[in-house]
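First residue of the sequence shown: 1266, per our numbering; consecutive thereafter.
Idealized CB from N, CA, C, for every residue including glycine.
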Amino acid sequence: MAQQVRGVIARSKGAPVEVTTVVVPDPGPGEAVVKVQACGVCHTDLHYREGGINDDFPFLLGHEAAGVVESVGEGVTEVAPGDYVILNWRAVCGRCRACKRGRPWYCFDTHNAKQKMTLTDGTELSPALGIGAFAEKTLVAAGQCTKVDPAASPAAAGLLGCGVMAGLGAAINTGGVGRGDSVAVIGCGGVGSAAVLGSRLAGAARIIAVDLDARKLDGARSLGATHTVDSSATDPVEAIRELTGGHGADVVIDAVGRPETFRQAFYARDLAGTAVLVGVPTPEMQLDLPLLDVFGRGGALKSSWYGDCLPDRDFPMLIDLYLQGRLDLDAFVSETIPLDGVEQAFQRMHKGEVLRSVVLF
């Protein structure tokens, strides 16, 4: 029997979000209903509200979530009612050419729930990243549920569902940061700060945090940055080169996602170094680089989609590190808020006042 719960929707482009009643159907084949315990407020949700992803309004926002499986549909074997899970937006298919080549983290046919959640008048909702977790309960594909140790705090664990995983993965998976490497991270919000933490976890010797905001630079230093660069006062490319013996960093991660910051990442890396784009651009942005420089500097230019993670491999491992005290996920939880505090949280995020606001249910 369908259930009615409270959820946060974006009804139209740029309009303030609103809390309203959402109808959650019973899970069908391959689906699960999850009782959400916590959900982070991510910049991607703001992108949805501003029409920066697509125009399939109204959106049911929220996607960085942890909770407990309430019920499952026919044929579901991955999880069972009562399982504590982190929700993910990379439910791999196992059948596409990427999966068959043994690279499921690149799956080209990830899937979501087939049924739609709706408003009470029957209007279909588009769940953010196929999840829609600013709601007391949500309907997802069972493959979007990754079972982890229930000892982990939901507020911290849920952040692996998007931003923190994106940053950690950009460093460890995409960038291939290793012991003794030099790393620069441009943009030290939630994703960039996670890239700093991931670089430290991987054993980087020099981690350079770059931002315009002194508060974010202080936060990055607390998470493992060995050096900071205030890019409002100095050229970050020159500063990164100076801090790396005049050469540039082995890996430079752009966690902003703008043409100018990616150009900085491109030129701030060492010859044959790696530049990683993990910040999300908007559709109108264009990149202009001299092709001769692309050829002559060598190395790799990579984009990192969800930190190139494989949720059922990475989430349990990272939660184990968190419970061992080796991965400080709690540091990303700036505040906890009620469901009706999302709009105000967007404003604080836009001002750079928080790493993550987290809705607790």
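- Message: So, under 8 Å CB-CB, Pro1294 and Leu1404 are touching, yes? Tell me the CB distance rounded to an integer number of Å.
- Response: A Cβ-Cβ separation of about 13 Å leaves Pro1294 out of contact with Leu1404 under the 8 Å criterion.
- Message: Does Gly1561 pass the burial test, meaning 16 or more other C-beta atoms within 10 Å, or should it be called exposed?
- Response: By the 10 Å Cβ count, Gly1561 comes out exposed.
- Query: When every heavy atom of the ligand SAH is checked, does at least one fall within less than 7 Å of the C-beta of Leu1384?
  - Reply: Inclusion of the ligand SAH in the displayed structure is not the case, the ligand content being empty and no account of it being possible.
- Those runs of the beta strand (DSSP E) which lie wholly inside the segment 1313-1386 and span at least 3 residues: As far as the segment 1313-1386 is concerned, its whole beta strand (DSSP E) runs of at least 3 residues are 1329-1337, 1349-1352.
- Beta-carbon separation of Ala1537 and Gly1563 under 8 Å? By the CB criterion at 8 Å, Ala1537 and Gly1563 fall inside the cutoff.
- Task: Count the other C-beta atoms from every protein chain shown that fall within 10 angstroms of the C-beta of Thr1411, then say buried if there are 16 or more, exposed otherwise.
- Result: With at least 16 other beta carbons inside 10 angstroms of its own, Thr1411 counts as buried.
- Query: How big is the Cα-Cα spacing for Arg1506 and Thr1388?
  - Reply: Here the alpha carbons of Thr1388 and Arg1506 stand approximately 54 Å from one another.
- Query: Counting pairs of beta carbons, one from the segment 1437-1451 and one from the segment 1316-1329, are three or more of them closer than 8 Å?
  - Reply: Contact fails: fewer than three Cβ-Cβ distances are below 8 Å.
- Cβ shell of Thr1491 (< 6 Å), same chain only, five flanking positions each side left out: Counting only Cβ-Cβ distances below 6 Å, and skipping sequence neighbours, we find Arg1471, Ile1472.
- Span of the alpha helix (DSSP H) holding Gly1432? Element bounds for Gly1432: 1428-1434.
- Task: Output the boundary residues of the alpha helix (DSSP H) element that contains Gln1268.
- Result: Premise fails: Gln1268 lies in the beta strand (DSSP E), 1268-1275, not in any alpha helix (DSSP H).
- Message: Suppose the cutoff is 6 Å on Cβ atoms and the five residues either side in sequence are ignored; what does the same chain contact list for Ala1540 look like?
- Response: Val1517, Ala1530, Phe1531, Arg1534, Leu1566, listed in sequence order.
- Query: Does the segment 1541-1550 come close enough to the segment 1517-1528 to have 3 or more Cβ pairs within less than 8 Å?
  - Reply: With the cut-off at 8 Å, the segment 1541-1550 and the segment 1517-1528 touch.
- Is Phe1626 closer than 8 Å to Gln1302 when the C-beta atoms are compared? Yes, Cβ-Cβ distance for Gln1302 and Phe1626 is below 8 Å.
- With 16 other CB atoms within 10 Å as the buried threshold, where does His1615 fall? That one is exposed.
- Message: Quick check: the Cα distance between Ser1464 and Tyr1571, rounded to an integer number of angstroms?
- Response: Cα to Cα, Ser1464 sits roughly 16 Å from Tyr1571.
- Message: For Ala1417 and Thr1601, I'd like the C-alpha separation in whole angstroms.
- Response: Distance between the alpha carbons of Ala1417 and Thr1601 is about 16 Å.
- Message: Can you tell me whether Asp1515 is helix, strand or coil according to DSSP?
- Response: Residue state, collapsed to three classes: strand.
- Message: Quick test of the definition: if touching needs 3 or more C-beta pairs under 8 Å, does the segment 1476-1487 touch the segment 1447-1454?
- Response: In short, these stretches touch, since the Cβ pair count reaches three.
- 6 Å CB neighbourhood of Gly1316 in its chain, flanking five on each side removed: Scanning its chain for C-beta atoms nearer than 6 Å, with the 5 sequence neighbours on each side dropped, one finds around Gly1316 the residues Lys1278, in chain order.
- Item | Cβ-based neighbour list, Cys1361, same chain, cut-off 8 Å, excluding 5 preceding and 5 following | Cβ within range, chain order: Cys1372, Phe1373, Asp1374.
- Item | Spatial neighbours of Ala1633 in its chain, beta-carbon cut-off 6 Å, leaving aside the 5 residues before and after | With the chain covering 1266 to 1626 only, the question about residue 1633 has no answer from this structure.
- Helix, strand or coil at Pro1281 [DSSP, three-state]: Under the three-state reduction of DSSP, Pro1281 is assigned to coil, being neither helix nor strand.
- Message: At the level of alpha carbons, what is the spacing between Leu1462 and Asp1386?
- Response: Leu1462 and Asp1386: Cα-Cα distance of roughly 45 Å.
- Mind checking Gly1327: buried by the 16 CB within 10 Å criterion, or exposed? Counting the other CB atoms within 10 Å of its CB gives Gly1327 a total of 16 or more, which places it among the buried residues.
- Query: Does Ile1473 have its Cβ less than 8 Å from a Cβ in chain B?
  - Reply: Judged by its chain identifiers, the structure shown contains no chain B, having just a single protein chain.
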